[in-house]
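Residue numbers (the numbering used here), protein chains in the order written: chain A, 539 to 652; chain B, 8 to 122.
Quick reminder that beta carbons are idealized off the backbone N, C-alpha and C, glycines included.
Quick caveat: nothing in here was measured; it's all calculated off a predicted structure.
Remarks on the structure that follows.
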């Protein structure tokens with residue numbers, strides 16, 4: 539079974555621009571979570587989607603948004619990029635509501651904002 | 008408040024030595040899961056072990072073992088006979104039922120195994 543895939547793997551953007559990251563969960567998994575990892579703040583939860591609905595959200599500004607499609611693939615969008623948004627963005631997929639604790643992570647997208 | 012505390016920032020050992028990583032957690036929930044993840048330089052978080060709050064049995068899986076003690080809210084992890092390939096950042100994480108099982112991570116412990 540293929541693992542969680544994230545595209546692109548690396549991205550360089552300029553302050554003020556916006557960016558969209560993509561995550562394809564493991565086949566059959568219906569929940570997708572996003573995490574941000576920075577040297578200063580560590581790993582922090584962004585949001586979680588299940589069946590196209592955002593069910594949980596972390597403490598991030600409204601510039602961070604996401605969505606999930608009917609095939610469970612998910613995208614996250616960051617608008618008006620700031621230097622502090624430079625981070626590794628990790629996506630994790632889970633089978634479903636009864637198995638949310640089983641989270642499998644993708645390789646991440648490393649975003650650099652200049 | 009920090010839910011997961013990993014007091015050790017860095018640990019350096021010589022190959023074949025044992026390495027024990029400390030993790031202390033905080034939760035009011037009765038149903039929760041504890042995890043250890045490994046993050047090599049490539050960046051991907053690799054799942055190592057998971058324990059639920061109802062099972063305090065400590066086990067050994069290959070070179071990995073863990074010590075889960077609810078009385079002290081600790082979930083320590085040991086690598087026996089370390090190898091250079093074990094060099095990575097190790098994260099302890101907590102997942103609580105009341106919070107839809109989102110993961111709260113500790114700050115991580117960087118383990119360096121020298122040949």
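DSSP beta-bridge partners of residue i
{"i": "residue 631/A", "result": "570/A, 642/A"}
{"i": "residue 616/A", "result": "557/A, 602/A"}
{"i": "residue 68/B", "result": "71/B"}
{"i": "residue 58/B", "result": "41/B"}
{"i": "residue 647/A", "result": "627/A"}
{"i": "residue 12/B", "result": "31/B"}
{"i": "residue 550/A", "result": "650/A"}
Assumed close pair residue i, residue j - CB separation to whole angstroms, cut-off 8 angstroms
{"i": "residue 608/A", "j": "residue 563/A", "result": "At roughly 13 angstroms, the Cβ-Cβ gap does not stay under 8 angstroms, so residue 608/A and residue 563/A are not in contact."}
{"i": "residue 124/B", "j": "residue 73/B", "result": "Here chain B comprises residues numbered 8 to 122, so residue 124/B is not present and cannot be evaluated."}
{"i": "residue 561/A", "j": "residue 644/A", "result": "6 angstroms"}
{"i": "residue 119/B", "j": "residue 94/B", "result": "5 angstroms"}
{"i": "residue 28/B", "j": "residue 75/B", "result": "With a Cβ gap of about 13 angstroms, residue 28/B and residue 75/B do not count as contacting."}
{"i": "residue 626/A", "j": "residue 648/A", "result": "5 angstroms"}
CB contact check: residue i to chain B, cutoff 8 angstroms
{"i": "residue 571/A", "result": "yes"}
{"i": "residue 620/A", "result": "no"}
{"i": "residue 568/A", "result": "no"}
Close Cβ partners of residue i (< 6 angstroms) along its chain, the five nearest in sequence each way excluded
{"i": "residue 96/B", "result": "46, 115, 117"}
{"i": "residue 67/B", "result": "none"}
Residue-level contact to chain A via CB, residue i, 8 angstroms cutoff
{"i": "residue 33/B", "result": "no"}
{"i": "residue 107/B", "result": "yes"}
Residues near residue i by beta carbon distance below 7 angstroms, same chain, minus five either side
{"i": "residue 601/A", "result": "616, 617, 618"}
| field | the segment 541–560 of chain A in contact with the segment 611–623 of chain A per 3-pair CB rule at 8 angstroms | value | yes
With three or more C-beta pairs closer than 8 angstroms as the rule, is the segment 91–100 of chain B touching the segment 35–48 of chain B?
Put simply, the segment 35–48 of chain B touches the segment 91–100 of chain B. At least three CB pairs are less than 8 angstroms apart.
Subject >> Contact between the segment 574–582 of chain A and the segment 14–24 of chain B (3+ Cβ pairs under 8 angstroms) >> reply: no
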